[in-house]
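When we follow my numbering, the leftmost residue of the sequence shown carries the number 10, and every step to the right adds one.
Contents: one structure, followed by commentary.
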Amino acid sequence: MPLGASHASHTRFLTNSRDFFCRRPPSGRRFPFTSQELTPMRILFINNDGGGFADHIEVANGTTVQQLFDQRVPSAKSSNYLIRVNRQAVPREQVLQEGDRISITPIKIEGA
């Protein structure tokens, strides 16, 4: 106990600390994320816009096609692009998996 502190104030601090650290998030889980959600996964990202490039990138587990598009091509509308995962057209809500190959190709090319 700190010098000059009363037993009652020290006990109140410990009780409040325990309440803070043991409080559950609204989802009901003890921690807001599972360890699997925090572990990044590697995918092959192919951007055919402009000069184009391909690179292995890490994304969070649970990332959807739309979320990845918004992160990588923030100033564009997804409706102007053909987005494929493993060479197949997919819905934008599809969750990416470890090892997926995602390509983003513009439908209209400026100046052509």
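Where a beta carbon is used, it is the ideal one built from N, C-alpha and C, also for glycine.
Owing to the predicted nature of the structure, the values given are computational and were not obtained by experimental measurement.
From the DSSP output, in three-state form, read off residue i for me.
i, result
"Asn70", "coil"
"Arg101", "coil"
"Asp64", "strand"
"Ser88", "helix"
"Asp51", "Going by the sequence as given, residue 51 is Arg instead of Asp. Strand at Arg51."
"Arg93", "strand"
State the Cα-Cα distance for the pair residue i and residue j, rounded to the nearest angstrom.
i, j, result
"Ile52", "Ala69", "10 Å"
"Ser112", "Tyr90", "10 Å"
"Ala63", "Asn56", "6 Å"
"Arg81", "Pro100", "17 Å"
Using CA atoms only, rank isn't needed, just tell me which of the options is closest to residue i.
i, options, result
"Ile66", "Gly59, Asp58, Leu77 and Gly60", "Leu77"
Going by beta carbon distance, what residues of the same chain come within less than 7 Å of residue i, once the five residues before and after it are set aside?
i, result
"Ile116", "Asn89, Tyr90 and Leu91"
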